[in-house]
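Asks:
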Amino acid sequence: MRILAIETSCDETSAAVIEKKQQSPARVLSVSISSSGELHALTGGIIPEKAAREQLSYIIPVITKSLLESEGKHVSNLKDSLAMGNSILQQSIDALAVTQGPGLIGSLLIGVETAKTLSFTMDKPIVPVNHLLAHIYANFIDQEILLPFIGLIVSGGHTDLLYFKGHGNYQWLGGTRDDAAGEALDKIGRILGLPYPAGPEIEKQASKATEKQISFSRPLINSQDFDFSFSGLKTEVARFIKSAGPLSEKDIQEISFAVQDAVIDVLVTKTLRAAEKYNCSTIVLGGGVSANGTLRDTMKQKAKNTSINPNIYYPKKKYTTDNAAMIGAYAAYNFTPVAWQDIKAMPELYFA
Ligand code: KG4
Ligand code: ZN
Numbered sequence: 046m047r048i049l050a051i052e053t054s055c056d057e058t059s060a061a062v063i064e065k066k067q068q069s070p071a072r073v074l075s076v077s078i079s080s081s082g083e084l085h086a087l088t089g090g091i092i093p094e095k096a097a098r099e100q101l102s103y104i105i106p107v108i109t110k111s112l113l114e115s116e117g118k119h120v121s122n123l124k125d126s127l128a129m130g131n132s133i134l135q136q137s138i139d140a141l142a143v144t145q146g147p148g149l150i151g152s153l154l155i156g157v158e159t160a161k162t163l164s165f166t167m168d169k170p171i172v173p174v175n176h177l178l179a180h181i182y183a184n185f186i187d188q189e190i191l192l193p194f195i196g197l198i199v200s201g202g203h204t205d206l207l208y209f210k211g212h213g214n215y216q217w218l219g220g221t222r223d224d225a226a227g228e229a230l231d232k233i234g235r236i237l238g239l240p241y242p243a244g245p246e247i248e249k250q251a252s253k254a255t256e257k258q259i260s261f262s263r264p265l266i267n268s269q270d271f272d273f274s275f276s277g278l279k280t281e282v283a284r285f286i287k288s289a290g291p292l293s294e295k296d297i298q299e300i301s302f303a304v305q306d307a308v309i310d311v312l313v314t315k316t317l318r319a320a321e322k323y324n325c326s327t328i329v330l331g332g333g334v335s336a337n338g339t340l341r342d343t344m345k346q347k348a349k350n351t352s353i354n355p356n357i358y359y360p361k362k363k364y365t366t367d368n369a370a371m372i373g374a375y376a377a378y379n380f381t382p383v384a385w386q387d388i389k390a391m392p393e394l395y396f397a
């Protein structure tokens, strides 16, 4: 089965063609991503109205590019490419998948309404996809993972722990009570004068730290629930910086290390505790923050000290941040098409 997937929940416009054959993992035949991130880096955060307008100008070229590349063809002039894309969609694509939410309403609407139009005009089934669950299914690209597993979603907007018992059968264990892990890193990065999004930059700065003497608190690390809280960390860092005076390059490296260390310690401790509680020997990470090498290494390292010694999976780096390949992978493993008329953009969609 071949699925054309579309993702437009935030500032990335992405389309992908995924192939799923019986007994084999999902394979990416093409993935195309345009981002308005550079525009938002100038203002230090996303302006929803601007993101939606950019989505509108990218969506058709991005879908066309992905369709052509799935058959080894390349975009030449737009008119010929559109005609070729149309015929590939008609002949080779079996179904559509689209991010339904959560996300920014203006951005979501562009992808959802485009996908619904294609579903209707081409008479193809369409699967609405929860963006958060899709971050976990980025792991099902090119590799098979046996269920059950504990899933940790760590992105710019969300931090959630879930217990996946089977495909489409999961239990939400807990999540952030305030800022998401990525959001906290982005906000702290801004205070430190680092470019947006700050997560990768904090990782880079942290790797240069040598003294490692600063320590920030680990909110909720000992609570027996699976909730997280990261907004206090931001306040603590802001206070620390205020009392420290002007920051040198070295200070920024040491603070970045301490911030990353605190966030990772909480994420790893609670995820491993969930694996132990549910006696689950597999852990799957997803979302932009799961690109972080120290998070991956620490999770693997500390997992060895637990009673169940779980296997840790994470997506290929290019599939950690927002992309349509993960949307297609989710739809391939949870193939539940609905009538196109019933699909609505749902900015507040969470877990059912
Ligand atoms: O999943 P994603 O692309 O978007 C959402 O769905 O929110 O995640 C973006 C987040 C940003 O907060 C960014 O700073 C963070 O992922 N991020 C990282 C790294 N790469 C991206 N955080 C820590 N380390 C990284 N290497
Ligand atoms: Zn995301």
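Going by the working numbering, the first residue of the sequence shown is number 46, and it counts up by one from there. Glycine included, C-beta positions come from ideal geometry on N, C-alpha and C.
1. Determine whether the beta carbon atoms of residue 372 and residue 86 lie at a separation below 8 Å.
2. Suppose you measure from the CA of residue 386 to the CA of residue 180; what does that come to, to the nearest Å?
3. According to the Cβ coordinates, are residue 378 and residue 212 closer than 8 Å?
4. Does the Cβ-Cβ distance between residue 391 and residue 145 come in under 8 Å?
5. When you compare each of 260, 299, 193 to residue 237 by their alpha carbons, which one comes out closest?
6. Considering only their Cβ atoms, is the gap separating residue 223 from residue 275 smaller than 8 Å?
7. Quick one: measure Cβ to Cβ for residue 114 and residue 137, integer angstroms, because I've assumed they're closer than 8 Å.
8. Since residue 388 and residue 171 should fall inside the 8 Å C-beta cutoff, what is the C-beta to C-beta distance between them, to a whole number of angstroms?
9. What are the start and end residues of the alpha helix (DSSP H) that includes residue 63?
10. Mind reading off the beta-carbon distance from residue 355 to residue 311? Whole number of angstroms is fine, and I expect it under 8 Å.
11. Output the residue ranges of the beta strand (DSSP E) runs that lie fully inside the stretch 157–190 and measure 3 residues or longer, sorted by chain position.
12. What residue does the beta strand (DSSP E) around residue 357 start on, and which one ends it?
13. How many Å lie between residue 319 and residue 395 at the Cα?
14. Once the 5 residues before and after residue 123 are set aside, which same chain residues still bring their CB inside 8 Å of it?
15. Just tell me which of 176, 140, 149 has its CA closest to the CA of residue 160.
16. Would a C-beta distance cut-off of 8 Å place residue 101 and residue 134 closer than the cut-off?
17. Taking 7 Å as the line, does the beta carbon of residue 245 fall inside it for any heavy atom of the ligand KG4?
18. Could you give the uninterrupted runs of the beta strand (DSSP E) lying entirely in the stretch 69–100, keeping only those of 3 residues or more?
19. Just checking my contact of residue 278 with residue 254 at CB under 8 Å: how many whole Å lie between their CB atoms?
Replies: Checking against the coordinates, here is how it stands:
1. No, the pair does not count as a contact, with Cβ atoms beyond the cut-off.
2. It is roughly 25 Å from the alpha-carbon of residue 386 to the alpha-carbon of residue 180.
3. The answer is yes: Cβ separation under 8 Å.
4. Taking 8 Å as the cut-off, the Cβ atoms of residue 391 and residue 145 count as close.
5. When C-alpha distances from residue 237 are compared across 260, 299, 193, the shortest belongs to 299.
6. A Cβ-Cβ contact shorter than 8 Å links residue 275 with residue 223.
7. The distance from the Cβ of residue 114 to that of residue 137 is about 12 Å, inconsistent with a contact at the 8 Å cut-off.
8. Residue 171 and residue 388 do touch by the CB rule: their CB atoms are close to 7 Å apart, below 8 Å.
9. Unbroken run through residue 63 is the beta strand (DSSP E), 57–64; no alpha helix (DSSP H).
10. 18 Å between Cβ atoms; not a contact.
11. Every beta strand (DSSP E) stretch that sits fully inside the stretch 157–190 and reaches 3 residues is listed by chain position as 171–175.
12. Unbroken beta strand (DSSP E) run through residue 357: 356–358.
13. So the two alpha carbons sit approximately 20 Å from each other.
14. If we look at residue 123 and ignore the five residues flanking it on each side, its Cβ neighbours are 106, 109.
15. Of the residues 176, 140, 149, the one whose Cα lies closest to the Cα of residue 160 is 140.
16. Between residue 101 and residue 134, the C-beta spacing is not below 8 Å.
17. Flag set: Cβ of residue 245 near the ligand KG4.
18. Within the stretch 69–100, the complete beta strand (DSSP E) runs of at least 3 residues are 72–80.
19. That belief does not hold up - the Cβ atoms of residue 278 and residue 254 are roughly 17 Å apart, past 8 Å.
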